[in-house]
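A.B. asks:
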Amino acid sequence: MRLGLTGWDMDDVQKEMKGKTCFELLQLFRDKKTSLSAKSGERLLAIEDGSEKAKERLEEELVHLEKEKCVVALKIAEELSKSS
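Structure representation (structure tokens):
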């Protein structure tokens, strides 16, 4: 399975991470986790409402946010390995 953590769709998170300290990267990671939780709640509401289009759109957004979270986690690991 390929995660696809590079490419044009990850440019936005790459820009968000640029020049950030490790502490700021941790905060960005927390923000991504919070966004994921919110989107998960929205997806559950869409399922309950029977809105198939909304459910599909939210699933795509969840996948994208999960990828962004992984990219940030990898960057944090990279920064921590540099400092040790």
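Residue numbers (this note's numbering): 5 to 88.
Glycine included, each C-beta is placed from N, C-alpha and C at the ideal position.
1. Between which residues of its own chain and residue 24 is the CB-CB distance below 8 Å, once the five residues before and five after are set aside?
2. Counting only the same chain and skipping the five closest in sequence on each side, list residues whose C-beta sits under 8 Å from that of residue 73.
3. What's the C-alpha gap between residue 48 and residue 68?
4. Tell me whether residue 41 sits in a helix, a strand or coil according to DSSP, three-state version.
5. Do residue 21 and residue 59 have their C-beta atoms within less than 8 Å of each other?
C.D. replies: Straight from the coordinates:
1. Residue 24 sits at position 20 when you count from the first residue of the sequence shown. For residue 24, where only same-chain residues beyond five positions count, the Cβ hits under 8 Å are 32.
2. One-based indexing of the sequence shown puts residue 73 at position 69. Answer for residue 73: 33, 36, 37 and 40, listed in chain order.
3. Walking along the sequence shown from the start, residue 48 turns up at place 44. Walking along the sequence shown from the start, residue 68 turns up at place 64. Spanning the two alpha carbons is a distance of roughly 17 Å.
4. Reading the sequence shown from its first residue, position 37 is the one you call residue 41. If DSSP states are grouped into helix, strand and coil, residue 41 belongs with the helices.
5. By 1-based counting over the sequence shown, the position of residue 21 is 17. By 1-based counting over the sequence shown, the position of residue 59 is 55. Cβ distance not < 8 Å, so residue 21 and residue 59 don't count as in contact.
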